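Enquirer: Residue numbers (the numbering used here): 72 to 199.
#1: From the DSSP output, in three-state form, read off residue 180 for me.
#2: To the nearest angstrom, how far is the alpha carbon of residue 181 from that of residue 191?
#3: Helix or strand or just coil, what does DSSP make of residue 140?
#4: Would you mind stating whether residue 155 and residue 128 have Cβ atoms separated by less than 8 Å?
#5: To the nearest angstrom, how far is it from the Cα of residue 172 to the Cα of residue 183?
#6: Can you tell me whether residue 196 is helix, strand or coil according to DSSP?
#7: Flag residue 152 as yes when its Cβ comes closer than 7 Å to any non-hydrogen atom of the ligand COA, and as no otherwise.
#8: Hey, how far is the Cα of residue 91 from the Cα of residue 148?
#9: Starting from the C-beta of residue 133, find all residues in its chain whose C-beta is less than 8 Å away, skip the five residues before and the five after it, and write them out in chain order.
#10: Considering only the alpha carbon of each residue, which of 187, 178, 107, 163 lies closest to residue 193?
#11: CB-CB under 6 Å to residue 187, same chain, minus the five flanking residues each way: which ones, in chain order?
#12: In whole angstroms, give me the CA-to-CA distance for residue 195 and residue 158.
Quick look at the structure:
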């Protein structure tokens, strides 16, 4: 009988402990960022997208707690983009991808739905 009452209280104790750990000094910035992320999710109109947004906000919060959230240094963005170019198996496609990342015309924004990168490659006509 005593064990079952302890088992019923355990989730409440764990939640209280997690809340205290979340509010620990130094976590204020991440808590504020999480609240900002959740507020941004409220602006999403699709229920499915809103759920995904909230899930990602929670995942970012957890990664920050574990020290796995990388800083937003400009070099990281280019490195990430260049790693995505590795998915191309054809050398010409991979080279074109790298050219788009490192230069070319860029338009759009992440908040606007995406960034489009364009390069123009002149290819001589094949003789017939």
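Ideal Cβ positions, reconstructed from N, Cα and C, are used throughout, including at glycine. All values derive from a computational prediction rather than experimental measurement.
Expert: Answer, in terms of the structure:
#1: strand
#2: Those two C-alpha atoms are separated by around 23 Å.
#3: coil
#4: no
#5: 19 Å
#6: Per DSSP, reduced to three states, the secondary structure at residue 196 is coil, with no helix or strand assignment.
#7: Among the components of this structure there are no ligands whatsoever, and the ligand COA is therefore not found.
#8: At residue 91 the pLDDT is 39, less than 50, meaning the model places this residue with poor confidence; the figure from the coordinates comes in the next sentence. Cα-Cα distance, rounded: 34 Å.
#9: Close CB contacts of residue 133 within its chain, under the 8 Å cut and outside five residues either way in sequence, are absent.
#10: 163
#11: 178, 179
#12: Distance between the alpha carbons of residue 195 and residue 158 is about 27 Å.
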